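First up is the structure itself, then whatever we jot down about it.
Number of protein chains: 2
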Amino acid sequence: MKIVNIEDIKGTEREVQGEGWTSYRMLLKKDGMGFSFHETIIPAGAELHLWYKNHLEAVYCVAGNGSIENKATGEVHQIHDGVLYALDQHDAHILRGGTADMRLVCAFNPPVTGRETHDADGSYNLVED
Amino acid sequence: MKIVNIEDIKGTEREVQGEGWTSYRMLLKKDGMGFSFHETIIPAGAELHLWYKNHLEAVYCVAGNGSIENKATGEVHQIHDGVLYALDQHDAHILRGGTADMRLVCAFNPPVTGRETHDADGSYNLVED
Chain A
1 MKIVNIEDIK GTEREVQGEG WTSYRMLLKK DGMGFSFHET IIPAGAELHL WYKNHLEAVY
61 CVAGNGSIEN KATGEVHQIH DGVLYALDQH DAHILRGGTA DMRLVCAFNP PVTGRETHDA
121 DGSYNLVED
Chain B
130 MKIVNIEDIK GTEREVQGEG WTSYRMLLKK DGMGFSFHET IIPAGAELHL WYKNHLEAVY
190 CVAGNGSIEN KATGEVHQIH DGVLYALDQH DAHILRGGTA DMRLVCAFNP PVTGRETHDA
250 DGSYNLVED
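Protein chains in written order, with our numbering: chain A, 1 to 129; chain B, 130 to 258.
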């Protein structure tokens, strides 16, 4: 059994920041769960172009608001507390912060190692431990 | 891309209840993510004896409070907003509700199908689609 308190990983290598997001890697590949598990904060007004070509991702909003645009179809879905989106087709998308910082709980398959960076196209590369 | 709003699955087969818990199956095996993803509410004062012999589970608390006891060691960990526990050793445990209903976001590997029931020993059986 592992216990992870988000307060204990703030300021460590498990806190990762980029333009328009901060992510806390609660569980990584090395934790051996078969998925990784993150909390990610998207500030109000942010805009991120993302395309996880190598990963499936589920994202569940538990506070704040924003929207997701499916680049392939142009459809826009509102995100708020209680809404999940699943990128089951490696969907290229635009994630937009709304009027209050979005608190997102995310799972990735395959699990991220924690050393990935966003490529120019918004994907994570695959990293072997 | 799939969008799931918890309000839309309340009262459907994706809302599952037992003594001391209610779970909303946001993503199941058939959703093809390689994990399942749930929101589970543990009421204040509840006590559950659980042992997922067939699954690994990560559980992240985003509201309320309670505790988890590791049956093998007797250790008790407090759970509140921002605390995750990972059952990476199929750990038998006792989950206790605290003074305010716990809101938990959970991922299971392998993914549950939605038709599992808790066995007498607190595990989920493995179900093939």
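Here a beta-carbon is modelled for each residue, glycine too, at the ideal position from N, C-alpha and C.
Source: prediction; values computed, not measured.
Hey, residue i and residue j: beta-carbon distance below 8 Å or not?
i          : j          : result
Leu-27(A)  : Ala-192(B) : no
Glu-176(B) : Ile-135(B) : no
Trp-221(B) : Trp-180(B) : One detail in the question is off: residue 221(B) reads as Ala in this sequence, not Trp. Yes.
Phe-164(B) : Leu-84(A)  : no
His-209(B) : Cys-190(B) : yes
Tyr-24(A)  : Ile-9(A)   : yes
Tyr-124(A) : His-55(A)  : yes
Glu-39(A)  : Arg-96(A)  : no
Glu-13(A)  : Gly-114(A) : yes
When DSSP labels each residue in this structure, what does residue i get in the three-state scheme?
i          : result
Lys-2(A)   : strand
Glu-168(B) : strand
Glu-7(A)   : helix
In the DSSP assignment, find the beta strand (DSSP E) that holds residue i and state where it starts and stops.
i         : result
Val-83(A) : 83-87
Glu-47(A) : 47-50
Sort out for me which residues DSSP pairs residue i with in a bridge.
i          : result
Tyr-60(A)  : Leu-84(A) and Val-105(A)
Thr-151(B) : Gln-146(B) and Ile-170(B)
Val-205(B) : Glu-198(B)
Arg-225(B) : Glu-176(B) and Ser-196(B)
Leu-157(B) : Its beta-bridge partners do not exist; DSSP assigns none.
Indicate whether the contact test is met: 3 or more Cβ pairs, each with one atom in the segment 24-32 of chain A and one in the segment 211-221 of chain B, closer than 8 Å. yes
Say whether the segment 68-78 of chain A touches the segment 13-21 of chain A, bearing in mind that this needs 3 or more beta-carbon pairs closer than 8 Å, one atom from each stretch. no
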